[in-house]
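In what follows, a single structure is set out as structure tokens and then discussed.
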Amino acid sequence: MNKQSKVVQEGYNKLAKKYSKERHRYVNDALLKLFAKHVKKGSKVLDLGCGAGVPIDRFLVKNGYKVTGIDFARNMLKAAKKNVPRARYIQMDMTKMKFRPDSFDVAVSFYAIIHVPKEKHAKLYKDLHKILKSDGIILVNASGHKKWEGYGDFIDTRMFWSHYAPAKTSGILKKSGFKILWHRVLELGGEKQFWVLARNKK
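Numbers 57 to 258, taken from this note's numbering, label the letters of the sequence shown in order.
Below, the structure written as structure tokens:
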């Protein structure tokens, strides 16, 4: 594990309980409604960087989706299993996913890919292209509103972020086999993030 990933893992292990209480500030109900509009109930959903499972996985399970969440922060997973017992959780690094091709209908990632070193984003999306079924959907905040990389404070904890500007991110997604259906820069919880809904094309 590289230095940046270790900072992220240790950071989220440290703030697991506090993060669960803060998490609701960073979700727009319109995003979840957009998801539900494009994804039928009963679909198998992979949540990358699932954290404590709330509010995303809780929403998905309550609305009839079959959820598998992955995260490399052990304390976050402990909280997730308690918060959303009907979901399946696995300790796994999203840059080293071990799933068979066509394992999922959908993938979501809220505030997680932005912690992955940006030079690894292309491979991550190519991996998603493989493990998602043809015409599968992804909903992710793929980057901030501009290119940035560095360390900072997040809920009194040292954290690392890394992402390209929206245009570059869109290009990576297209080259990885995704057709962009919708994209916006939204400000949630005082932060501007680039959100993308895309379809997997094989």
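C-beta atoms are modelled at their ideal positions from N, C-alpha and C, and glycine is treated no differently.
> Just the Cα atoms here: how many angstroms apart are A198 and W238?
Replying inline: As a position in the sequence shown, residue 198 is number 142, starting the count at 1. As a position in the sequence shown, residue 238 is number 182, starting the count at 1. Distance from the CA of A198 to the CA of W238, rounded to the nearest whole angstrom, comes to 12 Å.
>> Rounding to the nearest angstrom, what Cα-Cα distance links H219 and G200 in this structure?
In response: Position 163 of the sequence shown, counted from the first residue, corresponds to residue 219. Position 144 of the sequence shown, counted from the first residue, corresponds to residue 200. Whole-angstrom Cα-Cα distance: 7 Å.
>> How far does the beta strand (DSSP E) with Y207 in it extend, from its first residue to its last?
In response: For the purposes of this step, residue 207 is identified with residue 151 of the sequence shown, where counting begins at 1. Membership of Y207 in the beta strand (DSSP E) is indicated by the continuous run 204–210.
>> Give me the residue from A92, G233, V101, N256 with the minimum Cα distance to S165.
In response: Start at 1 with the first residue of the sequence shown, and residue 165 comes out as number 109. The shortest C-alpha separation from S165 is found at V101.
> Roughly how many angstroms lie between the CA atoms of M215 and D209, to the nearest whole one?
Replying inline: Here residue 215 corresponds to residue number 159 of the sequence shown, with the count starting at 1. Here residue 209 corresponds to residue number 153 of the sequence shown, with the count starting at 1. Roughly 6 Å between the two C-alpha positions.
> What residue range is occupied by the uninterrupted alpha helix (DSSP H) comprising E66?
Replying inline: As a first step, residue 66 must be located in the sequence shown, where it is residue number 10. If you look at E66, you'll find it in the alpha helix (DSSP H) that goes 59–70.
>> I'd like to confirm the pairing. Which residues does DSSP put opposite F216 in its beta bridges?
In response: Along the sequence shown, read from residue 1 onward, the residue named residue 216 stands at position 160. By DSSP's assignment, F216 forms a beta bridge with Y207.
> Once you ignore the five residues that flank K179 on each side, which residues in its own chain have a CB closer than 8 Å to its CB?
Replying inline: Counting from one through the sequence shown, the residue named residue 179 turns up at place 123. For K179, where only same-chain residues beyond five positions count, the Cβ hits under 8 Å are T151.
> Taking the alpha-carbon positions, what's the K70 to K118 distance?
Replying inline: Residue numbering aside, residue 70 sits at position 14 when the sequence shown is read from its first letter. Residue numbering aside, residue 118 sits at position 62 when the sequence shown is read from its first letter. Note on geometry: alpha-carbon atoms of K70 and K118 lie some 28 Å from one another.
> What did DSSP end up calling Y145 once you bin it into helix, strand or coil?
Replying inline: The residue labelled residue 145 in the question sits at position 89 within the sequence shown. In this structure, Y145 counts as strand in the three-state DSSP scheme.
>> Could you tell me the alpha carbon to alpha carbon distance between G107 and M132, rounded to whole angstroms?
In response: One-based indexing of the sequence shown puts residue 107 at position 51. One-based indexing of the sequence shown puts residue 132 at position 76. Spanning the two alpha carbons is a distance of roughly 5 Å.
>> Give me, in chain order, the residues of the same chain whose beta-carbon lies closer than 7 Å to that of K74; leave out the 5 immediate sequence neighbours on both sides.
In response: For the purposes of this step, residue 74 is taken as the residue at position 18 of the sequence shown. Scanning its chain for C-beta atoms nearer than 7 Å, with the 5 sequence neighbours on each side dropped, one finds around K74 the residues I211, in chain order.
> Would the segment 138–148 and the segment 169–176 be scored as touching if the rule is three or more Cβ pairs under 8 Å?
Replying inline: Touching, no.
> Around the C-beta of G192, are 16 or more other C-beta atoms found within 10 angstroms, so that it is buried, or is it exposed?
Replying inline: Locating residue 192 in the sequence shown gives position 136, where the first residue counts as 1. Under a 10 Å Cβ-count criterion, G192 is classified as buried, with 16 or more other Cβ atoms of the shown protein chains found around its own Cβ.
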